[in-house]
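**Q** Chains U and C, in that order, are what the protein sequence lines are. Using the working numbering, you'd call the opening residue of the first sequence number 1 and step up by one each time. Using the working numbering, you'd call the opening residue of the second sequence number 1001 and step up by one each time. Even for Gly, the Cβ is constructed at its ideal location relative to N, Cα and C.
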Amino acid sequence: MFSWKESGRIIVLLFVSSLILVPLSATVLGGFKTTGEMRVSPFGLPREWITEVYAEILADSSFWRYLWNSFLISILTVALTLIFGSMAAYAFAQAKFFGANFLYSYLLLGLMFPFAAAILPLFLTVRDLGILDTPWGVILPQVAFGLAFSVMFFRTFFAQMPDELFEAARVDGCGYIRFFFLFTLPLSTPILATIATFVFVQSWNNYLLPLIMLNDREGYTWTLGAMDYRGEYSWEWNRTLAFVSATLAPAVVFFLAAQKYIVAGLTGGAVKG
Amino acid sequence: MAEVILNQVRKSYGAVEVIPDLSLVIPDGSFTVLVGPSGCGKSTLLRMIAGLEKTSAGQIIIDRENVTGAEPDKRGIAMVFQSYALYPHMSVRQNIGFALRLAKRPKPEIRQRVEEAAEILQLESLLDRKPRELSGGQRQRVAIGRAIVRNPKVFLFDEPLSNLDAALRTQMRVELAELHAKLDATMIYVTHDQVEAMTMADQIVIMKSGVIQQVGQPMELYNQPENPFVAGFIGSPKMNLLEGSLARDQNAAIVGVRPEHISISQESGEWHGKVRHAEHLGSDTVAYIDADDIGSVTVRLQGEVPMKTGSPIWMTPVKGNVHLFRPDGSVERV
């Protein structure tokens, strides 16, 4: 049925996907088990499906608040990163100006700077700006740290766009700025979706920054909420697992929605291939 | 419709001078072809007329208006690119209408003008397709449609046929010539293919290293080339350019004779040689002959002429068709 090569490939792929699927399903299923059963069979299907734990979490208003906070922070981080990242990258890719290389290298330095190393000055800056305990205290540093790599990816992608496309548009009366909105952005959906997913997931899972910047429970993201939750029900692992499963859903949905664009290449047909 | 005047234009990139000092008049309504080997500056010149390259010095005048520093869309030109440069995310209709949309023309007018252009180019049935769903020839037509719809004073073509296969190229050549007759607009066309230049142009400009070698009608360039470069560039197979004692005897630097202007004979003639190789094309026979004391001579004969490699042969150039290029740059035809 399959050749040796094919079977080998299938086995490797099954193994790799199982690395993701097994813990994921254990987490999701764990929420349907009793604590006792969790200890006996952590990976199997639950003998009896208990829905109360999930129901309780979903009925809890603070769960929805955590989720909303995380969502707001992530979506704004994505929006700002895409807007500023793509605009900066467009300038680097299209315009030749004095000091462009220097500026670009300076921007890329950001890639080598770990979050944790900057946490103290970051905290002080955020405090001085008076945005501690607000979503902006998390959003702005996240955008700043996301810009370096997003500009790098955007620039590479934009630079591959054929020059004649811009020249044709110029003859038709289209300037730099209009070209950005009418051509560069619509033709860059694959890279926009890739960066958006990456930034979203990173922001969604960020723990350190919200931990430092947010003190008020009202503003907690789900990662902080999960820690809180675990502290409260430390012996009820099924609750923690159910909580984590419920919070994973938006990130998965976001990924599935963006996946189509990540795979698609749109520039086909622009110039003779 | 407009006359294009290039007045002492120059182009240099830093210290490298691509076009030293060039003046040229492109008459209103003409189909002018800029032709030359690659790197001769013909594309650069076209892009300067389009406004895509800055002009280092001199003036570009289109329809009595100095447009040297003007933006491309303010010059009244439209350009067709070698790679077509269609907008991949827009339908054919949107591609053609894009310039009008940017110029904020009313929607009914855009629709009407796009449909007119589509009709001229037989694109009506393709208006709602995306560029990637079109064949090479269709894409080329859309690119031309994008130019037509703007109703420009001058059309600029940058090697528009070089991406097409041979059969389609011949067809598009005819279509472009017909389009020119129909629109009666000034067209400037860049190519490195002398056949395209000869078949379409009513004025040919031959360039080499940024310098114009000769300007004239196709037959003028064919019959009266002003220098050996033009003589060798126009015509296929290439004109025989003979140096050495033959040229010295006639007080010339180079003697030029076209392959089709040499007759052959088994018995007698001016030059003697041996057949090295012969190509039989059916309509023509092209023979490569090693002539004594002269070197290799190409001869083109009408119809099927039997030739045997190594057989001796006599050649005689046809009177009035021998070009003597003098050392002082003048030309004499004998």
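Does DSSP put C:M1239 in a helix, in a strand, or in coil?
**A** coil
**Q** Span of the beta strand (DSSP E) holding C:R1364?
**A** This structure gives no information on residue 1364 of chain C, because the portion of chain C shown stretches from 1001 to 1334.
**Q** Using the Cβ count rule (16 or more neighbours within 10 Å means buried), how would you classify C:R1333?
**A** Classification of C:R1333: exposed, given that the 10 Å Cβ count is below 16.
**Q** Looking only at its own chain, which residues have a Cβ that is under 6 Å from the Cβ of U:G273, when we skip the five neighbours before and after it?
**A** Confidence at U:G273 is low in this model, with a pLDDT of 35, below 50, so the placement of that residue should be treated as unreliable; the coordinate-derived value is given next. Counting only Cβ-Cβ distances below 6 Å, and skipping sequence neighbours, we find nothing.
**Q** Cα-Cα, which of U:P114, U:A117, U:L140 and U:A116 is closest to U:V126?
**A** U:L140
**Q** Whole angstroms is fine: what's the gap from U:A93's alpha carbon to U:T156's?
**A** 8 Å
**Q** Since U:T81 contacts U:V12 with CB under 8 Å, what's their CB separation in whole angstroms?
**A** Actually they do not touch by this definition, with Cβ atoms about 34 Å apart.
**Q** Who are C:Q1203's beta bridge partners in DSSP?
**A** Answer is C:T1032, bridged to C:Q1203.
**Q** What in chain C is Cβ-close to U:E164, meaning under 7 Å?
**A** Result: F1081, S1083 and A1085.
**Q** Are the CB atoms of C:F1325 and C:A1201 within a distance shorter than 7 Å?
**A** no
**Q** Under 6 Å Cβ to Cβ from C:M1397, same chain only, skipping five residues before and after it: list those, please.
**A** Residue 1397 of chain C is absent from the model: chain C starts at 1001 and stops at 1334.
**Q** Give a yes or no on contact between the stretch 1198-1214 of chain C and the stretch 1020-1027 of chain C, applying the rule of three or more CB pairs nearer than 8 Å.
**A** yes
**Q** Within 7 Å of any Cβ in chain C, is that where the Cβ of U:K260 sits?
**A** no
**Q** Comparing the C-beta of C:F1098 with each C-beta of chain U, is any distance below 7 Å?
**A** Taking a beta-carbon distance threshold of 7 Å, C:F1098 counts as an interface residue toward chain U.
**Q** Have a look at C:G1269 and C:V1275 and give me their C-alpha separation to the nearest angstrom.
**A** 15 Å
**Q** C:L1221 to C:L1034, Cα distance in whole Å?
**A** 13 Å
**Q** What does the alpha-carbon distance come out to for the pair C:N1066 and C:L1006?
**A** 10 Å
**Q** So, is U:W204 buried or exposed, given that buried needs 16 or more other C-beta atoms within 10 angstroms?
**A** buried
**Q** To which residues of the same chain is C:A1247 closer than 7 Å at the C-beta, ignoring the five residues directly before and after it?
**A** A1253, I1254 and V1255
**Q** Using a beta-carbon distance cut-off of less than 9 Å, what residues from the stretch 170-187 of chain U approach chain C?
**A** R170, V171, D172, G173, C174, G175, R178, L182, F183, P186 and L187
**Q** By how many angstroms is the C-alpha of C:A1057 removed from the C-alpha of C:V1009?
**A** If you take the alpha carbons of C:V1009 and C:A1057, they lie about 5 Å apart.
**Q** Give me, in chain order, the residues of the same chain whose beta-carbon lies closer than 6 Å to that of U:K33; leave out the 5 immediate sequence neighbours on both sides.
**A** The residues are P46 and N238.
**Q** Just to make sure I have the definition right: I need the residues of chain C whose C-beta is within less than 9 Å of the C-beta of U:E167. Which are they?
**A** Residues of chain C passing the Cβ test: R1047, A1050, L1052, P1072, M1079, F1081 and A1085.
**Q** Just checking, does the stretch 165-178 of chain U make contact with the stretch 40-54 of chain U on the three C-beta pairs under 8 Å criterion?
**A** no
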